[in-house]
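Reading through the structure tokens given below for one structure.
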Amino acid sequence: MKRSVFIALLLASALSAFAADVPVLIQNATILTITNGTVKGSILLRNGKIAAIGDKVLAPPGAKVIDGAGKFVMPGIIDCHSHIMAEAINEGSVSVSSMVGIEDVLNPEDIAIYRALAGGVTTANILHGSANSIGGKTVVTKMRWGATAEAMKFEGAMPGIKFALGENPKRAGSSQGGFGAVPTNLRYPATRMGVEDVIREAFNDAKAYKASLAAYQAKLAKGEPAIPPARDLKLEALVEVLDGKRFVHAHCYRQDEILMLIHVADDYGFKIRTFQHVLEGYKVAKEIQAHGAGASTFSDWWAYKMEAQDAIPYNAAILVKKGVLTSLNSDDAELMRHLDKEAAKTVKYGGLTETEALSLVTINPAKQLAIDKRVGSLEVGKDADVLLYDGHPLSNFSKVEKVWIDGHQYFDRDEDEAGRPKKAIEKKALTEKAAPAGGRGGQGSTGGPNQ
Amino acid sequence: MKQKFAGILLIPLALAPLATTSLQAQDRGTYALKDARVVRVSGPVIEHGTVVVRDGLIEAVGANITPPADAWVIDCKGLTVYPGLIDSLSTWGNTNTPPAAAAAAAGGRGGGRGAVVATPVVATPTPAVSTAPPSRGPEDRPSTASWLKAADQIFPTDRAIETARNGGFTSAVTFPTGNIFAGQGSVIDLAGDRAGDMVLADAIGQYITIPSGRGGGGGRGYPGSLMGVIAYIRQIYMDAEHYKLAKSIYEKHPDGLQRPAYDRALEGVIASPRVLLPATRDVEILRMIAFAKEMKLNAILYGGHEAWRSADAIKKAGLPVLLSLKYPERVADSDPALEEPLRVLELRDKAPTAAAALEKAGVKFAFYSDGQSTPRDLMAAVKKAVDAGLTPDGAIKALTLNAAEIYGVSNRVGSIDKGKIANLVVSDGDIFGVRTRVKYVFVDGGKYEPLPEEPAGGRGGRAGRSGGF
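Laid out in structure tokens, this is it:
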């Protein structure tokens, strides 16, 4: 475990990160800007931002200078679909759980954050699970290891919500007792038809709620006595979707359900921001593109259930070539650590250029999350979310050496390795001190009389 | 000394043997505790002082007090008088848990200690909850009993009351358990013939529990995950605000407006002047601080084991803390090969330092029993906190005045001051001393005296303390 030393170091440093961080100048490196080609030269990180990129950049006084000879610099990886650092994933008790939000249950001490950093991820969209047709609210985070939950949030990022289609939301309604179903207590829906119905009904309710708010305002304006409608957190989130103030990230696999959701969205006048997983997206790329949705898929992960059968490794490349804004995501704490290698697969399967491939995990997910003005490429003025690799990021043999977020270094492979013996000693001491004394069990996490 | 059994000890004959473990009580009367070391808590220690108790109240305290002529003078030379101890979050005296469950829990414990466990810390859901159809959303008010008051379900003969009193506890802030909105706590004195006599304050705050859970596929009712629970609590407080508003508008215009539906869940929330929020780990503490701020709650955090990390944040938020005296332990019978994360080991190692950290940061905190009912265990845990840096003054405050202040009853209990309720504990030394014995306990001016300790190997629920202090 890599925690205590880092917690100690970073709690102290994270607070003062922006003020105290000295400028960092990486020289003689191959800089993959993603949006403006490749630069052989230097990049300067100062005051949390990228201050300069060029053949020659002068080191400001006090700057830390890193020799990047033979090394590669690229923007931090952005994962458009993750569940790390969430202490709860699914509010699957109901088919519409838009009242709940991942932001309420972030755990900034999840070790997966640090491991994601080691794989070059600097930003992740943390989603509710796919247990129900309309899931909970999502939150975009930066991997500011050591910071508080609040400080993990990507400030100003558009909030989102999870939708889910197909097997996951309908299996809790299955009388066959599908995975997650409680046979004595089946939850509607049990079919894809039912999923569509749930979503439509939810938006009918949202429209009625919105109308009731308007009706109240009208009464007030006329000076009539009126009781305001009670705030409904569930419908509020859906009204935000209708008003274009909350992005829909829809879990899906099959082409038919993708088309279904596009029709529903068109009927109700909202947009699907991204289709997630979208393994059959290659079949309906034109329709996805026409709707203006993005696609966030896997490189080659499929066949784990019936609806994930008809998948091909060319999916991402085909979507890109059909003009769909496409990204590769992880949906998994382990896969999250090698999204760069996932991107590399699209060079082989589909013939994307190296820049197109890297775009799938950098600028494209940034655009999908509408944070591309801040992150996703190396441009002067953008956040200094920067990776230093020991080789080309698309090579299986390359590793992330250093990671900066907002110009603050959050990961250093050498420091990590050097610190391991010390942490091992610390842990051994605590383990020995806490040798099982037997006796009563500690309840651990919640403290009081609990359910 | 003339002694007789108080009404509280009128235990059915079947339990008669247990009565030998009880304190014996004296009627309310007039007492003068003379020549004692008086730890007032609210002021400096009086090395040789007198405390006069009359009709259940403290009539006088000071160095130069002449015992009234009608007082029963108790020579306290060499003894120390403290305010009665307060358990700041308790289930003592509360009959919320079905008796069957209590019996099972007691039977599951070893030795005599188990016999006095009246309410297990983990309350089982009441049958009404488990047979109801699963909740479909916040509107079904799941896991909510906010209208319940502990004061309405006090069980004066609960053995936990007596056991606690043996150890010097004279009051408890006791709560219903078993639900997210578990109900309203009441401050009770740990002695009395009738439940009503014991209640100091009937509705001092709403006790909220937050079951953890990553959630799942559904069917078990809303809320089914940690985020569902938090969202539910948020919705309830929003609904309560709206309920107040709707009722006030309706009262002005009952003609022509639809009446707001009566909602006992919201009535219970509105009737609660404080909210107890669970916050044991650092992440939970920060989460609940943020939640209390967002919802503008008059919140009290409880748990606090990892408060050594977040003491400054708690201070900044200005919230009081109830600190659990049940430190985290390795789960019994866990896999011996299980390698625990450094983080878990560290929490277990440092939990007793939380009190010192809170004291240093200037946070108001009080200790609570967290399901334990043996004063010996509680005092051993306090001792650990003192060994980890808490000042002895801070420790006694956290067991007396702080709890009273947190719940707004410090004008009545928590310190030895004229006019306050005569809740006192008299010991033959420092209350945290290993060999210290409780000599007398006064509750509401009634004198209780621990019987001599039984020889080793006797039944449980021993009177007095045998070394846990």
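Chain order of the listed sequences is A and B. Here this note's numbering = 1-based position in the first sequence + 119. Here this note's numbering = 1-based position in the second sequence + 20. Ideal Cβ placement from N, Cα and C applies to all residues, glycine included. The model shown is predicted, which means the values in this text are computed figures rather than measured ones.
Item	Value
Neighbour flag for B/V303 against chain A, beta carbons, 8 Å	yes
Min CB distance B/E307 to chain A below 8 Å	Sequence inspection shows Arg at residue 307 of chain B; the Glu mentioned does not correspond to that position. Interface residue, yes.
Listed by chain order, chain A residues near B/M258 by CB distance under 8 Å	A349, R350, L352
As assigned by DSSP and simplified to three states, the class of A/A337	helix
Nearest-angstrom Cα separation, counted from B/V295 out to B/F195	12 Å
Whole-angstrom distance between A/K464 and B/K335, CA atom to CA atom	52 Å
Separation of A/D535 from A/K542, as counted between CA atoms	10 Å
Closer than 9 Å at the beta carbon, the chain A residues around B/I269	P344, A345, I346, P347
Which of helix, strand or coil DSSP assigns to A/D502	strand
For B/Y347, the first and last residue of its enclosing alpha helix (DSSP H)	No alpha helix (DSSP H) contains B/Y347, which DSSP labels as neither H nor E.
Sequence ranges, beta strand (DSSP E) only - wholly within the segment 235-295 of chain B, length at least 3	none
A/T242, buried or exposed, once every other Cβ within 10 Å from all chains shown has been counted against 16	buried
Under the three-state DSSP convention, the category A/A476 falls into	helix
Beta bridge counterpart(s) of A/E228 as assigned by DSSP	Bridge partners of A/E228: none, in fact.
Residues near B/A408 in its chain [Cβ-Cβ closer than 6 Å; skip 5 each side]	P372, T373, A376
Beta-carbon gap between B/D107 and B/V193 smaller than 8 Å	yes
Beta carbon of B/A291 nearer than 8 Å to that of B/Y322	no
Any C-beta of chain B under 8 Å from that of A/A207	yes
Neighbouring residues, chain B, relative to A/P540 (Cβ below 7 Å)	What A/P540 touches in chain B: nothing, since even the nearest Cβ is about 14 Å away.
Interface partners of A/P227 on chain B, CB under 8 Å	V303
Contact list for A/N434 against chain B, beta-carbon separation under 9 Å	Within 9 Å Cβ-Cβ: nothing; A/N434 doesn't reach chain B, min ~27 Å.
Check whether A/A414 and A/L438 have beta carbons under 8 Å apart	yes
Interface residues of chain A facing B/R161 [CB-CB closer than 9 Å]	The premise fails here: B/R161 is roughly 14 Å from chain A at the closest Cβ pair, so nothing lies under 9 Å.
Any C-beta of chain B under 8 Å from that of A/V577	Not covered by the structure: residue 577 of chain A. The range shown for chain A is 120 to 570.
Buried/exposed call for A/G181, threshold 16 Cβ in 10 Å	exposed
Paired residues, beta bridge with A/C371 - DSSP	A/H396
CB contact flag (B/H262, A/A334, <8 Å)	no
Cα-Cα separation, A/K402 to A/V240	30 Å
Buried/exposed call for B/N443, threshold 16 Cβ in 10 Å	buried
Presumed contact (8 Å Cβ cut-off) between B/L99 and B/K440, rounded CB distance	Not confirmed; about 20 Å, so no contact.
C-alpha distance - B/L43 paired with A/I232, whole-angstrom precision	Any reading at B/L43 must be qualified, since the residue scores a pLDDT of 48, below 50, and its modelled position is unreliable; no value is offered.
Distance CB(B/R329)-CB(B/P348) smaller than 8 Å	no
Interface positions of the segment 233-252 of chain B facing chain A (Cβ-Cβ less than 7 Å), listed along the chain	G233, R234, G235, G236, G237, G238, G239, R240, G241, Y242, P243, G244, S245, L246, M247, G248, I250, A251
Interface partners of A/I645 on chain B, CB under 9 Å	Summary: the structure shown does not reach residue 645 of chain A, with chain A confined to residues 120 through 570, and so no result is reported for it.
At least three beta-carbon pairs within less than 8 Å, the segment 216-227 of chain A to the segment 253-267 of chain A	yes
According to DSSP, residues forming a beta bridge with B/S191	B/I106, B/D209
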